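*Asks:* In the working numbering, the protein residues as written are 28 to 335.
(1) For the segment 252–301, list the beta strand (DSSP E) runs that are entirely contained and at least 3 residues long, ordered along the chain.
(2) Less than 6 Å between C-beta atoms, sequence neighbours within five positions excluded: which residues of the same chain meet that for residue 66?
(3) I need the DSSP call for residue 211, collapsed to helix, strand or coil.
(4) At the level of alpha carbons, what is the spacing between residue 312 and residue 318?
(5) What does the Cβ neighbour count give for residue 305, buried or exposed, with the cut at 16 atoms within 10 Å?
(6) Using only the alpha-carbon positions, how far apart do residue 301 and residue 332 sit?
(7) Give the C-beta separation of residue 79 and residue 111 to the nearest angstrom, bearing in mind that I take them to be a contact with Cβ-Cβ under 8 Å.
(8) If you count every other CB in all the chains shown that lies within 10 Å of the CB of residue 218, and 16 or more means buried, which is it?
(9) Under 6 Å Cβ to Cβ from residue 160, same chain only, skipping five residues before and after it: list those, please.
(10) In terms of residues, what are the limits of the beta strand (DSSP E) holding residue 76?
(11) Pick out whichever of 150, 165, 124 has its Cα sitting closest to the Cα of residue 140.
(12) What first and last residue would you give for the alpha helix (DSSP H) that runs through residue 173?
(13) Which same chain residues, not among the five before or five after residue 225, have their C-beta less than 8 Å away from its C-beta?
(14) Under the rule that 16 or more other beta-carbon atoms within 10 Å means buried, what is residue 125, buried or exposed?
(15) Within 10 angstroms of the Cβ of residue 202, are there 16 or more other Cβ atoms? Answer buried if so, exposed if not.
(16) Taking only the alpha-carbon atoms, compute the straight-line gap between residue 321 and residue 329 and give it to the nearest angstrom.
(17) Can you name the start and end residues of the beta strand (DSSP E) that residue 108 belongs to?
(18) Compare the beta carbon distance of residue 96 and residue 287 with 8 Å and say whether it is the shorter of the two.
(19) DSSP three-state call for residue 330: helix, strand or coil?
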């Protein structure tokens with residue numbers, strides 16, 4: 028999903044990060060492991076230091092800011108490196124120690140490190156992650172908050188073709204153009220055909236404009252994420268996934284073990300305990316529709332939940 032990129036996208040993301048994403052806290056090159064490496068000494072607050080990265084989309088930036096502000100409130104010295112790029116780039120930075128923490132989505136993280144993974148539920152996904160992650164890395168508690176992949180259509184299309192589940196699409200998919208992130212076809216074409224018998228007329232890389240492309244008819248079905256406010260705003264319907272082709276996508280902190288202190292782990296587990304899908308949807312509404320800054324929205328949520 029939102030969250031895996033093909034080779035070309037990786038190169039582009041890395042290039043953009045090098046030239047445009049100096050980082051929201053320390054400046055400089057967000058991919059420079061020497062400048063971003065966590066310090067071994069704790070500041071006066073005693074909480075240590077954390078370098079927090081995020082992927083190049085608003086929700087990830089929001090989550091990174093929530094982590095950063097929650098940690099700062101507990102005396103941790105924080106450096107933020109927002110909008111670094113794709114998982115391919117960010118994952119290697121956490122593994123090498125250039126980043127301490129990144130907000131992840133457990134299902135897509137598992138798919139990234141194990142292309143043959145079949146785990147679908149939160150518990151099964153996390154159990155598989157603990158087995159498959161490199162020894163340098165660990166995941167903390169998953170939050171109840173999920174931002175799942177969906178195949179979504181307009182309400183009009185749902186009514187016209189009697190579409191309730193992804194399985195229902197099989198009878199009409201050959202007449203449909205489907206859209207999503209650039210890597211969407213590569214990742215899902217074979218699985219959609221295998222599990223649901225879906226074959227589409229055309230695949231279009233619509234990226235962050237997918238929900239709008241469904242609404243205006245450029246595409247008839249698209250990969251929209253469940254916390255995207257445009258599902259409701261554009262009158263779309265997320266089709267049910269009865270065979271769980273899309274795994275659990277709980278927001279889950281990914282950490283470099285050597286750089287993460289007990290304070291960091293305790294604080295982030297506390298954040299995860301209070302983060303829900305509805306609160307994530309509400310915050311994304313403020314960012315996407317009201318155009319509020321992610322850091323401002325993060326601060327409001329932390330204050331409301333007694334974590335700021």
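Just so it is clear, CB atoms sit at the ideal spot from N, CA and C, and this is done for glycine as well. A quick note: this is a predicted structure, and the numbers were derived from the prediction, not measured.
*Replies:* So, to answer that:
(1) 263–265, 278–283
(2) Here the question's residue 66 lines up with position 39 in the chain shown. Residue confidence is low: residue 66 scores 34 on pLDDT, short of 50, so the model does not pin down where it sits. No coordinate-derived value is stated.
(3) Position 184 of the chain shown holds residue 211. The answer is helix: DSSP assigns residue 211 an H, G or I state.
(4) Locating residue 312 in the chain shown gives position 285, where the first residue counts as 1. Locating residue 318 in the chain shown gives position 291, where the first residue counts as 1. Those two C-alpha atoms are separated by around 9 Å.
(5) On the chain shown, position 278 is the one that residue 305 refers to. Under this definition residue 305 is an exposed residue.
(6) Working through the chain shown from its first residue, we reach residue 301 at position 274. Working through the chain shown from its first residue, we reach residue 332 at position 305. Taking the straight line joining both Cα atoms gives about 7 Å.
(7) Here the question's residue 79 lines up with position 52 in the chain shown. Here the question's residue 111 lines up with position 84 in the chain shown. About 10 Å separates the two Cβ atoms, so there is no contact after all.
(8) In the chain shown, counting from the first residue as 1, residue 218 sits at position 191. Flag for residue 218 reads exposed.
(9) Within the chain shown, the letter at position 133 stands for residue 160. If we look at residue 160 and ignore the five residues flanking it on each side, it has no Cβ neighbours.
(10) Mapped onto the chain shown, residue 76 falls at position 49. Looking at the DSSP string, the run of the beta strand (DSSP E) that includes residue 76 is 76–82.
(11) For the purposes of this step, residue 140 is taken as residue 113 along the chain shown, with counting starting at 1. Considering only alpha carbons, the answer is 165.
(12) If you number the chain shown from 1, residue 173 lands on position 146. Unbroken run through residue 173: none, as it is neither H nor E.
(13) By 1-based counting over the chain shown, the position of residue 225 is 198. The residues are 193, 196, 197, 200, 219.
(14) One-based indexing of the chain shown puts residue 125 at position 98. Buried, because 16 or more other Cβ atoms sit within 10 Å of the Cβ of residue 125.
(15) Indexing the chain shown from 1 puts residue 202 at position 175. It is exposed - the Cβ of residue 202 has fewer than 16 other Cβ atoms within 10 Å.
(16) Working through the chain shown from its first residue, we reach residue 321 at position 294. Working through the chain shown from its first residue, we reach residue 329 at position 302. So the two alpha carbons sit approximately 12 Å from each other.
(17) Numbered from 1 along the chain shown, position 81 holds the residue referred to as residue 108. Counting along the chain, the beta strand (DSSP E) containing residue 108 begins and ends at 104–112.
(18) Here residue 96 refers to the residue found at position 69 when the chain shown is read from its first residue. Here residue 287 refers to the residue found at position 260 when the chain shown is read from its first residue. For residue 96 and residue 287, no; Cβs fall outside 8 Å.
(19) What you label residue 330 is simply residue 303 of the chain shown in a count that begins at 1. Helix, per DSSP.
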